[in-house]
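Last residue of the sequence shown: 975 in this note's numbering, with the numbers rising by one and none dropped.
First comes the structure, then the notes that go with it.
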Amino acid sequence: MSLPPIRVEDEEVQPIQYEESHTNTTNRQIKPIRTKIKKELILFCQTTTIRGVTRVVNARSKSFQIVWASSVLFLFIGLFTCMFFLTRQYLEYHVIHPPQVLRDTPSPFPSITLCNLRPLASEATKVLEESRIKTPRKFAMDVNNFAAEAFYHKGDVHSYQLITSAISMGGYLESLPPEIRLQLGHHMNQTIIHCMVLYSEGSKRVLNDCHQVGRWRRFVHAQYLNCYSYDLLEKYRDHVRTIELFVYLDVPPNKTSCVDCFSAEIKSQLSGAVVVVHNADTYPDINQEGINIQPGSLTEIKVKTIKHIQKTPPYGRCSPDTPKTIELYGAAPYRYSEHACRMSTIQTQINDRCGCNAIEFPYRSSSLPFCLAMGSFVHEGSCDVQSLQGSGSKVANSTKIGSLKSECLAELEVVKNHVTCKSDVTRHFEGDVVPSCTLPCQFFSYETDRSTSTWPTKSWQLGWLGTRAGRMILNRPELAPYREARDLMRQPNGDVRAQTLLSQTNVLEKNLLAIMIIRPNFNLHNVEEKEVLSLTSLLSQTGGLLSIWIGMNIMSVIELFELLVHLFGTCKQPENRKNMNDDSSHQLRVVRNVQEETEDGMQIADNLYNGNEERISQNSVIRHPKDNSNNANNRRLKQRRVKCSKGTCQRVRRSSTNLECSERSLP
Numbered sequence: 309m310s311l312p313p314i315r316v317e318d319e320e321v322q323p324i325q326y327e328e329s330h331t332n333t334t335n336r337q338i339k340p341i342r343t344k345i346k347k348e349l350i351l352f353c354q355t356t357t358i359r360g361v362t363r364v365v366n367a368r369s370k371s372f373q374i375v376w377a378s379s380v381l382f383l384f385i386g387l388f389t390c391m392f393f394l395t396r397q398y399l400e401y402h403v404i405h406p407p408q409v410l411r412d413t414p415s416p417f418p419s420i421t422l423c424n425l426r427p428l429a430s431e432a433t434k435v436l437e438e439s440r441i442k443t444p445r446k447f448a449m450d451v452n453n454f455a456a457e458a459f460y461h462k463g464d465v466h467s468y469q470l471i472t473s474a475i476s477m478g479g480y481l482e483s484l485p486p487e488i489r490l491q492l493g494h495h496m497n498q499t500i501i502h503c504m505v506l507y508s509e510g511s512k513r514v515l516n517d518c519h520q521v522g523r524w525r526r527f528v529h530a531q532y533l534n535c536y537s538y539d540l541l542e543k544y545r546d547h548v549r550t551i552e553l554f555v556y557l558d559v560p561p562n563k564t565s566c567v568d569c570f571s572a573e574i575k576s577q578l579s580g581a582v583v584v585v586h587n588a589d590t591y592p593d594i595n596q597e598g599i600n601i602q603p604g605s606l607t608e609i610k611v612k613t614i615k616h617i618q619k620t621p622p623y624g625r626c627s628p629d630t631p632k633t634i635e636l637y638g639a640a641p642y643r644y645s646e647h648a649c650r651m652s653t654i655q656t657q658i659n660d661r662c663g664c665n666a667i668e669f670p671y672r673s674s675s676l677p678f679c680l681a682m683g684s685f686v687h688e689g690s691c692d693v694q695s696l697q698g699s700g701s702k703v704a705n706s707t708k709i710g711s712l713k714s715e716c717l718a719e720l721e722v723v724k725n726h727v728t729c730k731s732d733v734t735r736h737f738e739g740d741v742v743p744s745c746t747l748p749c750q751f752f753s754y755e756t757d758r759s760t761s762t763w764p765t766k767s768w769q770l771g772w773l774g775t776r777a778g779r780m781i782l783n784r785p786e787l788a789p790y791r792e793a794r795d796l797m798r799q800p801n802g803d804v805r806a807q808t809l810l811s812q813t814n815v816l817e818k819n820l821l822a823i824m825i826i827r828p829n830f831n832l833h834n835v836e837e838k839e840v841l842s843l844t845s846l847l848s849q850t851g852g853l854l855s856i857w858i859g860m861n862i863m864s865v866i867e868l869f870e871l872l873v874h875l876f877g878t879c880k881q882p883e884n885r886k887n888m889n890d891d892s893s894h895q896l897r898v899v900r901n902v903q904e905e906t907e908d909g910m911q912i913a914d915n916l917y918n919g920n921e922e923r924i925s926q927n928s929v930i931r932h933p934k935d936n937s938n939n940a941n942n943r944r945l946k947q948r949r950v951k952c953s954k955g956t957c958q959r960v961r962r963s964s965t966n967l968e969c970s971e972r973s974l975p
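So, in structure tokens, the structure goes:
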């Protein structure tokens, strides 16, 4: 029985070299990376548009190459120097304020705050006498004398100075009972005897009473006690042209001593009124922006509206997140302003750290005591060193006097601690800027220009007293000479006697003044912060410097980008080669395994072939010509197997019945 012919089917395999030949070929193909980078840089220098770089590469001699290289280095040093100063100027974030006038542009009319320079009304003396309360001057003298006895004469000068710093109108007001404090100041209906507002409705001008187009509100000032602010209603603000005020000062007549004057405060020695023109609905800064107006005068204050547009950090201090309102005095809220925020912040710090209120700052909580409150010193007969010393001779009263002194001394110790605490708090806010109080990004301010003239003239005083505003004060006791003069004017030949009577009195000149707040036009002065060197200007000037010094432009930037791309590709080649070597090693191991399997198959085929030959020779059987061809094929297969063992074989193509050796892989 004959065995079937053996067919060995081939499969195609990728021609893969041995490890030794692969390593040699890789070493021959890979060039040093430094050489490639150098070639890229030389090519860039030969073709770049940067001034002078091409001359360095293409110089005909070493000397010229050094000259050109030095010139290029000098140009780059000059460029970097200019760029340093330009960048430093940009990082300073300076701004300018160019003004711009906008014609006939609506803008809000300002609010007005009025304070009487004499804080106590004429009836205050009577109220103090009935309540057995000392006058401000008497209060100051008793505090000073007691502090001198308790501290100064015992060598404690520092404590004496702390106590005497509290001797002021503010300290007196803080020491008063709340109900007495309200009665001592000037009331609005007795101070503002006339107030009219002139505004436009289209082409028509309307004159109206202040109460119909706005509101008044009162607050307490540490120096002037009662102050009054007038805020227009929002719908009228853009159309108001003039506000006219008549003010009666209510100065006590025939007084040879000033009960509310202090030698250390020159502002407490003035007569007249103080007016502040400020942004609508905001808390006024009376101490810094007040305008003093003398009695017996008409003062015209012309306002110029300025709109400020601020920059946000790093150029400015404004913040778009500032609150719209701020609570002060626990009443109707004020519109937010940096000044109001500063006052409120300081008061809050004093409340938290000292546990008291300071009258010079707006206070919201009335449950806390005042910092300089010395209630024992404001009552008649208490804490008076002279009266206590006069009563000290009586032995029976010695115990009582000792307790009174202890009570007064305890109050001074509390005040001394509060003064120290307040000083520590306010020391941190000595500058105008409080970090927690930011500017609104848009707000209005007002510049004023004032002129003053005498008012009312002597010949018009009797006539003015017949007007509606004059009749409001005509029945006051100090105006009795004017009433008498008016009666004389009705009698025959009484004008001479009336004139004589008027020449002997000057009550109106001391108590009456008029204020006119005028907007001469509706022009708006726009002041907007602008950067001295903006980002666009920085880029523009940077481009100019690059062009001037080294001739660099946008095309040069593209050239640099191309160079970076090529350098990046060159640096990535070693990594690609490493991956390729790993893949080649893996493929080589696979081919070796396949080769071993192929050799095993060939050995089996060879054994079978030898067995067939042996059986053929024994049986001496003559095969079909086809079988002879198979034998010839087997012999050729054996010969090729020997040749293929020296190279690399392909075993992928299944259509072939023989193992075909790759000619490229043969040695």
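Virtual Cβ for every residue (Gly too), placed ideally from N, Cα, C.
Bridge partner(s) assigned by DSSP for residue i
i: Gly522; result: Leu540
i: Met824; result: Glu552 and Glu608
i: Val528; result: Asn534
i: Met504; result: Asp517 and Glu552
i: Asp757; result: Lys610
i: Ser419; result: His586
i: Asn600; result: Val582
i: Leu832; result: Leu410 and Thr613
i: His687; result: Ile441
i: Phe678; result: Asn665
i: Lys462; result: The partner list for Lys462 (beta bridge, DSSP) is empty, contrary to what the question assumes.
Own chain partners of residue i with C-beta closer than 7 Å, once the 5 adjacent residues on each side are dropped
i: Gln657; result: Val733
i: Glu786; result: Pro561 and Val815
i: Tyr544; result: Tyr507 and Val521
i: Glu348; result: Leu871, His874, Leu875 and Thr878
Beta-carbon spacing of residue i, residue j below 7 Å
i: Cys275; j: Pro677; result: For the chain, the structure presents residues 309 to 975; residue 275 sits outside this window and is missing.
i: Cys716; j: Phe454; result: yes
i: Ile858; j: Arg342; result: no
i: Asp568; j: Pro444; result: yes
i: Ala681; j: Glu482; result: yes
i: Ile551; j: Thr756; result: no
i: Lys619; j: Val403; result: yes
i: Val435; j: Asn819; result: no
i: Asn534; j: Gly598; result: no
i: Tyr398; j: Leu853; result: no
i: Gln469; j: Ile617; result: no
i: Ala675; j: Ser684; result: Reading off the sequence, residue 675 comes out as Ser, not Ala. No, these two residues do not count as a Cβ contact at 7 Å.
i: Tyr536; j: Arg523; result: no
Backbone secondary structure at residue i - three-state DSSP
i: Gln408; result: strand
i: Ile441; result: strand
i: Cys626; result: strand
i: Thr633; result: strand
i: Lys619; result: coil
i: Asn725; result: helix
i: Tyr644; result: coil
i: Phe570; result: strand
i: Asn424; result: strand
i: Val559; result: coil
i: Glu431; result: coil
Close beta carbons around residue i, own chain, < 6 Å, minus the five adjacent residues each side
i: Phe830; result: Asp412
i: Leu796; result: Gly802, Arg805 and Ala806
i: Cys503; result: Cys518 and Leu553
i: Phe737; result: Ile654
i: Tyr401; result: Pro622 and Tyr623
i: Arg650; result: Val742 and Cys745
i: Thr728; result: none
i: Ser415; result: Thr613 and Leu832
Spatial neighbours of residue i in its chain, beta-carbon cut-off 8 Å, leaving aside the 5 residues before and after
i: Val364; result: Cys353, Gln373, Trp376, Ala377 and Val380
i: Tyr532; result: Cys423, Asn424, Leu425, Pro427, Val582 and Ile594
i: Tyr754; result: Pro418, Val585, His586, Asn587, Val611, Lys612, Thr613 and Ile614
i: Leu809; result: Pro789, Glu792, Ala793 and Leu796
i: Ser473; result: Val727
i: Arg758; result: Ile599, Thr607, Glu608, Ile609 and Lys610
Distance cut-off 6 Å: residue i Cβ against heavy atoms of the ligand FAD
i: His726; result: Inclusion of the ligand FAD in the displayed structure is not the case, the ligand content being empty and no account of it being possible.
Which runs of the beta strand (DSSP E) spanning at least 3 residues fall entirely within the segment 736 to 815, listed in chain order? 750 to 762
Please list the segments of the alpha helix (DSSP H) lying wholly inside the segment 331 to 382, counting only runs of 4 or more residues, in order along the chain. 341 to 355 and 361 to 365
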